[in-house]
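Protein chains: 2
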Amino acid sequence: MPAWEGVSVLGVGTTMFGKQPELTGPELVRQAVFEALDDAGVDSVDAVFAGTVFGAPGTIQRALQTCGIVEVPIITIENACASGTSAFHEACRAVDSGAFGNVLALGVETMTHHFGGAIHPEPTDREGRQGLAMPSIYAMSASRYQSVYGVTDEQLAMVSVKNHQHAVGNPRAQHQRVVTVDEVLESRLVADPLTILQCCSIADAAAAAVVGRTRDGLGVRVRSSALRSGALWDHRSPNVWGWDIVASTAQDAFTSAGVSCSDIDLFEVHDAFTIGEIVTLEALGLAPVGEGALLAESGHSALGGPQPVNPSGGLLSRGHPLGATGLAQVAEVVWQLRHDAGSRQVDGAVLGVVETMGGGTAGVDGNGCVVAVLEREDR
Amino acid sequence: MPAWEGVSVLGVGTTMFGKQPELTGPELVRQAVFEALDDAGVDSVDAVFAGTVFGAPGTIQRALQTCGIVEVPIITIENACASGTSAFHEACRAVDSGAFGNVLALGVETMTHHFGGAIHPEPTDREGRQGLAMPSIYAMSASRYQSVYGVTDEQLAMVSVKNHQHAVGNPRAQHQRVVTVDEVLESRLVADPLTILQCCSIADAAAAAVVGRTRDGLGVRVRSSALRSGALWDHRSPNVWGWDIVASTAQDAFTSAGVSCSDIDLFEVHDAFTIGEIVTLEALGLAPVGEGALLAESGHSALGGPQPVNPSGGLLSRGHPLGATGLAQVAEVVWQLRHDAGSRQVDGAVLGVVETMGGGTAGVDGNGCVVAVLEREDR
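Chains R and S, in that order, give the protein sequences. Residue 38 in numbering that gives the first Met the number 0 sits at position 39 of the first sequence, and the numbers go up by one each step. Residue 164 in numbering that gives the first Met the number 0 sits at position 165 of the second sequence, and the numbers go up by one each step.
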């Protein structure tokens, strides 16, 4: 069902990632969109799907008018952390259906104006009412996971060490510095066992992709994408939070693309917290349940290893400006598949996967997940 | 382009409209969705497009899980006041493309928890920084319009009188009472010349429609829908705020459906303020520019007249819970075309139009408009 025929990413663009309170949402959008249009070699698009979680009404339309994108349909999508990837998925579906020619997928978030620290849970949110902000939910997952599978604090920390190492090669990442296991473990405790270097930080950024019909010699093909809602976790599930929805969505995307996890050369996944990457990689099929922590420890998921994960630095080190994250992941995979990723290039990359999970703070009740399979076109 | 083939509304549902702070967003969603599913005679859908402006992340997903709608793609759309109609448009497009079978279009807003009075302009908004909340923008339009076309305060007020009269027949409307021209003009001044009975009030509500393939003898066909962004107003335009985008979007929808304005039996349009209905009806083609105020005065747009406008009471009297409004308009047109609208029935209605304009407070820079043409199936 979500297999696309002749759908490609023709161009991508992003801003810098980090705290940039001096830039407004529209200013960030302009930077990313102009880069993506220029990269695609087009000066207009036929429709826009834009992801943002806390963006004010009108932000996208206002920004795009100043980019010369007027009158075309603009759909602004809120799907929590998966907002940007949901916009990308909808853009692919729109091109696949023949409804539009070139479609802009866009994500933006200005967080430093909204949040001093962690995102506030909504007052109507069940977990929120119990004090369960996102770090707490992930921390409970991590505790259970450690208890069941005997994973150590050091093994959790190694995910952060790996992704910070990767970000050193990404000139647009928020945290471009090496950290050690000791530094990670000794950094401020946020929610036991997660220290602050195991939590993504708030950021301001935008990212964009131009999606269109496949043209010879240009761009990166989108083999498939899948979007599911609900079932982030079920109290009857033997798995920890997030596993279930990632597994079912990934299965959709892999089946549609006719690939298996072992075929994939690199992954950009939702490592909002270290435990998140571990659980996600198990759900994607890189390791059996309970063995996901070995992937960072062994170097399997590091640059230079057989299946690098988050070569951009991931949410932990590139930063996690909610709505922008999905398109930043797409941009990274596109650069990698074009063999244009500089010092963080995954050698000979042909197939890449983007995975984003959106949980809101209504985590238990579910929200959404998107998984997309992208392929270098000259394969 | 936006002409749909074999797309129908199979069922609709709404909550009551009004201040209902005791009900949460998910509770409102459940009421509307269960009624729509029941009305359509289906117990599941293949995808969901939901409109909300200020809904907290996760609201839609949480609500739908309790309706038994799980795992399917859910796309939450924010397109200001046109959020609900944008969701409806996207649902129609999804069915038309063959991507899904039955699709739920949904809108919800809980405003009484967010706003004590008028919606606050966003601090990054250009008009907002100058104090231009929505009533001020519409008031400036009204002043210019009155100055250019010699329209009186009484003529403005007659739009409110008409729509309040209509709402008396709508048991779900927020304001089910007759008002006189004098009462309208003597009510509290909000922004000169607009008094409070010429301004829609905040409300809490949800509304939903099940969109699917046309089935003999059931439902109402969607002949076309169109969505445009931008160009709400241009300082070079001879028209007042809102006219330009409504006119171009309506032209798209009418051309695609192969109908003209004079063919339409009833309209549900965006009368957020009295001047809004006047300008919108001119943009739709019911009257030449400058003569829209005559439609209410002459009874042309009243129930019993040749082309009733807002038989539900419209935004002015049914209420305007932002994200829910578009689907409430769709529900009203569907009930009318089924000849199931009780004492407010438009006799023999065959063709109906829904129009919603989304302005955010970034009005001048534009946002979006949706126009849809619906038809009784046994025509």
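For every residue, glycine included, the Cβ atom is placed at its ideal position computed from N, Cα and C.
Under the 7 Å criterion on CB atoms, S/Arg227 is classed as interfacial with respect to chain R. If you draw a straight line from the Cα of R/Thr355 to the Cα of S/Asp262, it is about 48 Å long.
Proximity of S/Gly100 to chain R, defined by a Cβ-Cβ separation below 7 Å, is not satisfied.
CA-CA distance, R/Pro287 to R/Glu281, rounds to 6 Å. Residue-level contact by beta carbon fails for S/Val329 and chain R, as no gap is shorter than 7 Å. Of the residues R/Gly347, R/Val32, R/Val71, R/Asp38, the one whose Cα lies closest to the Cα of R/Leu9 is R/Asp38. Considered as a whole, the region 82-163 of chain R harbours 82-95, 125-128, 133-148 as its complete alpha helix (DSSP H) runs of no fewer than 4 residues, in chain order. For R/Arg92 against S/Ala138, the beta-carbon gap comes to about 41 Å, at or over 8 Å, which does not count as contact. Considered as a whole, the region 217-247 of chain S harbours 219-227 as its complete beta strand (DSSP E) runs of no fewer than 3 residues, in chain order. In the displayed model, R/Phe16 falls within coil according to three-state DSSP, outside both helix and strand.
A Cβ-Cβ contact shorter than 7 Å links R/Leu283 with R/Ala249. Against chain R, the CB of S/Asn366 has a partner CB under 7 Å away; the residue lies at that interface. Residue-level contact by beta carbon fails for S/Gly50 and chain R, as no gap is shorter than 7 Å.
Counting only Cβ-Cβ distances below 9 Å, S/Arg92 has contacts in chain R at Ala93, Ser96, Ala98, in chain order. In this structure, the CA atom of R/Tyr148 is about 19 Å from the CA atom of R/Gln197. At a cut-off of 7 Å, the C-beta of S/Thr355 has no neighbouring C-beta in chain R. Between S/Pro72 and R/Leu226, the gap from beta carbon to beta carbon is short of 7 Å. For the 7 Å CB-CB criterion, S/Ala348 and S/Gln335 form a contact. Among the residues of the region 54-80 of chain S, those with a Cβ less than 7 Å away from any Cβ of chain R are Ala55, Pro56, Gly57, Gln60, Arg61, Gln64, Val69, Glu70, Val71, Pro72, Ile73, Ile74, Thr75, Ile76, Glu77, Asn78, Ala79, in the order of the chain. Where R/Ile76 is concerned, the enclosing beta strand (DSSP E) starts and stops at 73-76. Looking at the DSSP output, R/Thr194 shares a beta bridge with R/Leu188.
Proximity of chain R to S/Glu89 at the Cβ level (cut-off 7 Å) is accounted for by Ile74, in chain order. Taking S/Val158 as reference, the option from S/Thr324, S/Thr179, S/Glu4 with the minimal CA-CA separation is S/Thr179. Spanning the alpha carbons of R/Gly229 and S/Thr194 requires a straight line of approximately 45 Å.
Contact between R/Ala166 and R/Leu326 is absent: CB atoms are separated by about 18 Å, not below the 8 Å threshold. Per DSSP, reduced to three states, the secondary structure at R/Thr58 is helical.
Within the region 309-364 of chain R, the complete beta strand (DSSP E) runs of at least 3 residues fall at 350-357. Counting only Cβ-Cβ distances below 7 Å, R/Ser85 has contacts in chain S at Ile74, in chain order. R/Leu22 carries a coil assignment under DSSP once its states are collapsed to helix, strand and coil. Inclusion of R/Val32 and R/Ala207 in the CB contact set at 7 Å is warranted, their separation being smaller than that value. With a contact defined as Cβ atoms closer than 8 Å, R/Ala205 and R/Thr14 qualify at about 5 Å. Distance between S/Asp181 and S/Thr273, taken at the CA atoms: about 15 Å.
Note on geometry: alpha-carbon atoms of R/Thr84 and R/Val209 lie some 13 Å from one another.
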